[in-house]
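Q: Sequence positions in the sequence shown follow this note's numbering and run 642 to 716.
Virtual Cβ for every residue (Gly too), placed ideally from N, Cα, C.
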Amino acid sequence: MDLIKEALEFEKAKMSHMSTSDRVVASREAKRLILALNDIYKKTKDSKLMDIMKRLTAKKKKIEIRLKGRPDPAF
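Encoded structure:
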């Protein structure tokens, strides 16, 4: 499947030294891939797809934390 290949390439891509606009684009791309894989997962229930989605979600969260900043700890 071409979508799985694309997701694996995105997962392996380096995310260091990115500009803010590059991070926004990467976050949107991750969201697009996750939603597309989710549509396939709903039909097939393949656990490999779920693992890929989990890894992409973790990478997306890291990108978004870098974009939005870490929340202040509650005192």
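Helix, strand or coil for residue 711 per DSSP?
A: If DSSP states are grouped into helix, strand and coil, residue 711 belongs with coil.
Q: Taking a contact to mean a Cβ-Cβ separation below 7 Å, would you say residue 652 touches residue 696 in this structure?
A: yes
Q: Determine the contact status of residue 674 and residue 699, defining contact as a CB-CB distance below 7 Å.
A: Against a cut-off of 7 Å, the Cβ pair of residue 699 and residue 674 comes out as no contact.
Q: Using only the alpha-carbon positions, how far apart do residue 662 and residue 676 sit?
A: 21 Å
Q: Would you report the Cα separation of residue 660 and residue 650, rounded to the nearest angstrom?
A: 20 Å
Q: Give the DSSP-derived three-state secondary structure of residue 677 in the structure shown.
A: Helix at residue 677.
Q: Cα separation between residue 692 and residue 713?
A: 31 Å
Q: Thinking residue 671 and residue 646 are a contact (beta carbons under 8 Å), I'd like their distance in whole angstroms, please.
A: The pair is not a contact, with the Cβ atoms about 15 Å apart (cut-off 8 Å).
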